[in-house]
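Note sheet for the following structure.
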Amino acid sequence: MSSDIVTIPLLIVDDHPVVRHGLQAILQTDATLRVVGEAEDGLDALEKVAELQPRVVLMDVHMPRMDGLAATRKIKERFPRVAVVILTLYNNEQYVVEAVKAGAAGYLLKTSSRDEISNTIHEVNSGGMLIRSSTLHKALAGTLESDTPIPISAGPVWQARADVERLSPRELDVLRLVVEGKTNKDIGSTLYITEDTAKKHVQNIIGKMQVSDRTQAAVKALRIGMLK
Numbered sequence: 000m001s002s003d004i005v006t007i008p009l010l011i012v013d014d015h016p017v018v019r020h021g022l023q024a025i026l027q028t029d030a031t032l033r034v035v036g037e038a039e040d041g042l043d044a045l046e047k048v049a050e051l052q053p054r055v056v057l058m059d060v061h062m063p064r065m066d067g068l069a070a071t072r073k074i075k076e077r078f079p080r081v082a083v084v085i086l087t088l089y090n091n092e093q094y095v096v097e098a099v100k101a102g103a104a105g106y107l108l109k110t111s112s113r114d115e116i117s118n119t120i121h122e123v124n125s126g127g128m129l130i131r132s133s134t135l136h137k138a139l140a141g142t143l144e145s146d147t148p149i150p151i152s153a154g155p156v157w158q159a160r161a162d163v164e165r166l167s168p169r170e171l172d173v174l175r176l177v178v179e180g181k182t183n184k185d186i187g188s189t190l191y192i193t194e195d196t197a198k199k200h201v202q203n204i205i206g207k208m209q210v211s212d213r214t215q216a217a218v219k220a221l222r223i224g225m226l227k
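Residues 0 to 227 in numbering that gives the first Met the number 0 are what the sequence shown spells out, letter by letter.
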């Protein structure tokens, strides 16, 4: 591997060693990814995130001691800049709802190809979000109907509205597409701007709305009554 390649540090969390080793073997064929460690459950994951400082965590759902959703919630509370991608066998809409509420930026099935996993890692590493748009919108709507706390820096509603009011008209256009689950490439195509420009708009939105990623920006927008 060339020393000038910037790699994304990853942590793989799964209670099955075969799955962890298999994922590592698959992902190490991508020169832009670097697996820095493995964890066997949610508690182990919290320790490894603190120790190894990965940028992206691939997280299983069902694990002993602490499950993946609880671990995701705690990781986002303690390390808000770490992106978590749920990687599971369960194609269950309720799990997606819970993953979004926990702060996950992506949701993939273990049957996904290496390219699908790699593309998702790159997307969430850039502040992106990869959950199918129709499912995501249902998940976001579900967060509004639930009493379960959402791990975002929402503050009082007036503050949330003030954060949104900082957005430019173009950023509001981008935010609407973020809520629909669009990737930066999709946003660029829809608004006739480059993918890099779309990415910069999303990063500006994340900063102005005082959240850690675009999933939470979308949750916050819907939570204060925007874009319904």
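C-beta: ideal position from N, C-alpha, C; glycine also.
Here the structure is a predicted model, which is why all the values come from computation and not from measurement.
Asked: Status (buried if at least 16 other CB within 10 Å, exposed otherwise) for L32; Found: buried
Asked: For V81, three-class secondary structure by DSSP; Found: coil
Asked: I192 in three-state terms, based on DSSP; Found: coil
Asked: Neighbourhood of I186 by C-beta distance below 7 Å, restricted to the same chain and skipping five residues each side; Found: V173, L176 and A197
Asked: CB contact flag (T214, V99, <8 Å); Found: yes
Asked: Residue burial classification, H61 (beta-carbon count within 10 angstroms, cutoff 16); Found: exposed
Asked: P53 beta carbon less than 8 Å from that of L10; Found: yes
Asked: Local Cβ density within 10 Å of T110, reported as buried at 16 or more and exposed below that; Found: exposed
Asked: Identified DSSP bridge partners for R33; Found: P8
Asked: Cβ-Cβ distance between A70 and L51 below 8 Å; Found: no
Asked: Own chain residues within Cβ distance below 6 Å of L88, not counting five before or after; Found: K109
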